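FYI, the numbering for the sequence shown is 811 to 1168, going by my numbering.
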Amino acid sequence: MKTKKLLPGSTIGIIGGGQLAYYMAIEAKNMGYKVSVYDPNPDASAGSIANHTIEDFDDVDALIEFAQSCDVLTYEFENMNLENIEILDKDFNLPQGSKMLLHTAHRYEEIKMAQSLGIPTVRSVYLKDANSDRSELSNLSLPLIAKTCRFGYDGKGQQKLNEVTDLVISDETLVSEFISFEKEVSVIIVRSEFGVYAYPCIENVHKEGILYTSTTLDKDAYPLAKEYAERIAIEMNYIGVMAVEFFVHNDELIFNEVAPRPHNSGHLTLTVSNKSQFKSHIEAICGLNPGALFHYEDATMLNVLGQNFLKARTLIGTPNTYHYEYGKTEIVHNRKMGHIVFTQNTKEIENYKRELNT
């Protein structure tokens, strides 16, 4: 494995222009790189700070033309036209590669990948469509969680089932046992040609399928998380930052999903780490050595959704709080508009969370 070393002045092309691309672009420009983004949304967050190509993600000719103007490519989300990404992977410099997307864009392929690497998973049954044989569902313990195999995120395409007969599907679906886990954690690693480095694990709390808070854990918590994530990155020949989410059940890590790019739970690295996940990603895809990663202090991140956006602004300037916005022009219910990082775990955090949800 050898990554082309690119120095400042080179052009980084980001496919997708949302908040992840926004912070990638900021870090890259701070390092002296030029940045271009490709996104059909004329109001895409990253388009406000980088050269912006406004074309459809399915337009392979436009993507190729975009790629020809860049020295290295990266993507900020995984639900995209895989055939087009495979073309870019074959003909251009795309360190993340396309192999990972064969699995992460499809929940059943993703869980099979984890199982093949010896990573514990929840017991599940794959259903191709509404007419699939459902007899194997009787082997699972109730309650169940059903998730569409494609294009599901932030709780979309999910249904909790108390009875097998409650299941209503129209497309490929993965039905899994709903385990009573003690907590959810994520590990964020960066793989480069110099090795694999990991931030300490983070504990996550979700509400309605959307990440609500992320909190730093002890630096030595869940060492297996890094090992499992490293197995995935190596097997997928992946370069860059990736996050792997786990359930903790009876002190055992159970694989949930992998995100082959910077992750929402890693936003607190912008505030309390020796370098952000976004800078680590830029370094890795540019053939540089990210080096050891650590947090300077403990912190809790709170996602700011559309319905809380204006209330969150009242916290600007409050001691030990760091307010971030993503430059989105339209305020929408449950849309991620920004986040707040609290660097002291005091009762004030709970007060702020209550205030933002009243």
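Where is the CB? At the ideal position from N, CA and C, for every residue including glycine.
This structure is a prediction, so every number in the text was calculated from the model and none was measured.
Q) What three-state label does DSSP hand Asn1014 in the structure shown? A) As a first step, residue 1014 is located in the sequence shown; it is residue number 204 there, counting from the start. In this structure, Asn1014 counts as strand in the three-state DSSP scheme.
Q.
Report the CB separation of His1187 from Ile998 in whole angstroms; it is logged as a contact under 8 Å.
A. The requested residue 1187 does not occur in the structure, where the chain is confined to residues 811 to 1168.
Q: Using beta-carbon positions only, say whether Asp881 and Leu816 come within less than 8 Å of one another.
A: Looking up residue 881 in the sequence shown gives position 71. Looking up residue 816 in the sequence shown gives position 6. It is a contact, given that the beta carbons lie within the stated cut-off.
Q. So the alpha helix (DSSP H) Ile1095 belongs to, where does it begin and stop?
A. Numbered from 1 along the sequence shown, position 285 holds the residue referred to as residue 1095. Ile1095 -> alpha helix (DSSP H) spans Gln1087 to Ile1095.
Q. What span of residues does the alpha helix (DSSP H) with Asn840 cover, start to end?
A. Taking the first residue of the sequence shown as 1, we reach residue 840 at position 30. Element bounds for Asn840: Gln829 to Asn840.
(Q) Assuming Met1147 and Leu1115 are in contact, meaning their beta carbons sit under 8 Å apart, how far apart are those beta carbons, in whole angstroms? (A) Here residue 1147 refers to the residue found at position 337 of the sequence shown. Here residue 1115 refers to the residue found at position 305 of the sequence shown. Going by Cβ atoms, the distance from Met1147 to Leu1115 rounds to 6 Å, so yes, they are a contact pair.
(Q) Classify Lys812: buried if its beta carbon has 16 or more other beta carbons within 10 angstroms, exposed otherwise. (A) Locating residue 812 in the sequence shown gives position 2, where the first residue counts as 1. That one is exposed.
Q | Residue(s) in a DSSP beta bridge with Phe1057 | A | Your numbering for residue 1057 matches position 247 in the sequence shown. In the DSSP output, where bridge partners are listed per residue, Phe1057 has Glu994 and Ile1064.
Q. Under a three-way DSSP split, which group does Arg1041 fall into?
A. Position 231 of the sequence shown holds residue 1041. Of the three classes helix, strand and coil, the one that applies to Arg1041 here is helix, per DSSP.
Q) When the cut-off is 8 Å and only beta carbons count, does Asp939 lie next to chain D? A) In summary, chain D is missing from the structure at hand, where a single protein chain is found.
Q) Apart from the five residues just before and just after Ala872, which ones in its own chain have a Cβ nearer than 6 Å to its Cβ? A) Translated into the one-based positions of the sequence shown, residue 872 becomes position 62. The residues are Glu865.
Q) Based on the DSSP secondary-structure assignment, which residues constitute the bridge partners of Pro1033? A) Your numbering for residue 1033 matches position 223 in the sequence shown. Pro1033 pairs with nothing; no bridge assigned.
Q) Of all the options Phe1056, Gly828, Gly823 and Pro1010, which has the alpha carbon lying nearest to the alpha carbon of His806? A) With the chain covering only 811 through 1168, there is no way to say anything about residue 806.
Q. Can you tell which of Gln1117, Tyr1136 and Ile1141 has the C-alpha that lies nearest to the C-alpha of Lys1163?
A. Start at 1 with the first residue of the sequence shown, and residue 1163 comes out as number 353. Nearest of Gln1117, Tyr1136 and Ile1141 to Lys1163, Cα basis: Gln1117.
Q) Applying the criterion that 16 or more other CB atoms from any shown protein chain within 10 Å of the CB defines a buried residue, is Pro905 buried or exposed? A) Working through the sequence shown from its first residue, we reach residue 905 at position 95. The residue is buried, with at least 16 neighbouring Cβ atoms inside 10 Å.
Q. Should Arg1071 and Tyr885 be called a contact, given that it needs their Cβ atoms to be closer than 8 Å?
A. Locating residue 1071 in the sequence shown gives position 261, counting from the first residue. Locating residue 885 in the sequence shown gives position 75, counting from the first residue. In this structure, Arg1071 lies near Tyr885, with their beta-carbon atoms less than 8 Å apart.
Q.
Counting C-beta neighbours from all protein chains within 10 Å, is the total for Val932 16 or more, i.e. buried, or is it exposed?
A. Along the sequence shown, one-based indexing puts residue 932 at 122. By the neighbour-count rule (16 or more Cβ atoms within 10 Å), Val932 is buried.
Q: Could you pull out every residue in the same chain whose Cβ sits closer than 6 Å to the Cβ of Gln1154, ignoring the five residues on either side in sequence?
A: The residue you call residue 1154 lines up with position 344 of the sequence shown. The residues are Asn1130.
**Q.** Own chain residues within Cβ distance below 8 Å of Asn861, not counting five before or after
**A.** Looking up residue 861 in the sequence shown gives position 51. Spatial neighbours of Asn861 in its own chain (CB-CB distance under 8 Å, excluding positions within 5 residues in sequence) are listed in chain order as Lys844, Val845, Ser846 and Val847.
(Q) Using the three-state DSSP reduction, which class does Glu1135 fall into: helix, strand or coil? (A) Numbered from 1 along the sequence shown, position 325 holds the residue referred to as residue 1135. Of the three classes helix, strand and coil, the one that applies to Glu1135 here is strand, per DSSP.
**Q.** Proximity to Glu1045 [Cα-Cα], best of Asp869, Tyr832, Gly928 and Leu898
**A.** Residue 1045 sits at position 235 when you count from the first residue of the sequence shown. If we check each option's Cα against that of Glu1045, Gly928 comes out closest.
Q) Going by alpha carbons, who is nearest to Asp1108 out of Lys1029, Ala854 and Val1054? A) Locating residue 1108 in the sequence shown gives position 298, counting from the first residue. For the residues Lys1029, Ala854 and Val1054, the minimum Cα distance to Asp1108 belongs to Lys1029.
Q | Supposed contact pair Thr983 and Thr958 - C-beta distance, whole angstroms, cut 8 Å | A | If you number the sequence shown from 1, residue 958 lands on position 148. If you number the sequence shown from 1, residue 983 lands on position 173. Thr958 to Thr983, Cβ: 6 Å. Contact.
Q: Starting from Thr813, follow its DSSP beta bridges and name the residues at the other end.
A: Taking the first residue of the sequence shown as 1, we reach residue 813 at position 3. For Thr813, which the question treats as bridged, DSSP gives no partner whatsoever.
Q: Examine the Cβ distances between the stretch 1037-1052 and the stretch 1000-1010 and report whether three or more of them are shorter than 8 Å.
A: yes
**Q.** contact_flag[the stretch 985-997, the stretch 930-946] where n(CB pairs < 8 Å) is 3 or more
**A.** yes
Q: Measure the Cβ-Cβ separation of Val995 and Glu1013 and say whether it is below 8 Å.
A: Numbered from its first residue, the sequence shown carries residue 995 at position 185. Numbered from its first residue, the sequence shown carries residue 1013 at position 203. Yes, these two residues count as a Cβ contact at 8 Å.
(Q) What does the Cβ neighbour count give for Lys814, buried or exposed, with the cut at 16 atoms within 10 Å? (A) The residue labelled residue 814 in the question sits at position 4 within the sequence shown. Classification of Lys814: exposed, given that the 10 Å Cβ count is below 16.
Q: Within the same chain, show all residues whose beta-carbon is closer than 7 Å to that of Tyr1048, passing over the 5 residues directly before and after it, in chain order.
A: As a working mapping, residue 1048 is identified with position 238 in the sequence shown. Gln906, Gly907, Met910, Arg1001 and Pro1070, listed in sequence order.
Q: Taking all protein chains shown into account, decide if Glu920 is buried (16 or more other Cβ within 10 angstroms of its Cβ) or exposed.
A: Start at 1 with the first residue of the sequence shown, and residue 920 comes out as number 110. The residue in question, Glu920, is buried, as its Cβ has 16 or more Cβ neighbours within 10 Å.
Q: Would you mind reading off the limits of the alpha helix (DSSP H) that contains Met923?
A: Within the sequence shown, numbered from 1, the residue matching residue 923 stands at position 113. First-last of the alpha helix (DSSP H) with Met923: Arg917 to Ser926.
Q) Do you know how far the Cα of Gly826 is from the Cα of Ala838? A) The residue labelled residue 838 in the question sits at position 28 within the sequence shown. The residue labelled residue 826 in the question sits at position 16 within the sequence shown. Those two C-alpha atoms are separated by around 15 Å.
Q.
Since Ala835 and Ala856 should fall inside the 8 Å C-beta cutoff, what is the C-beta to C-beta distance between them, to a whole number of angstroms?
A. Locating residue 835 in the sequence shown gives position 25, counting from the first residue. Locating residue 856 in the sequence shown gives position 46, counting from the first residue. Between Ala856 and Ala835 the Cβ distance is about 5 Å, and since that is below 8 Å, they are a contact.
**Q.** Secondary structure of Ile822, DSSP reduced to three states
**A.** For the purposes of this step, residue 822 is taken as residue 12 along the sequence shown, with counting starting at 1. Three-state DSSP puts Ile822 in a strand.
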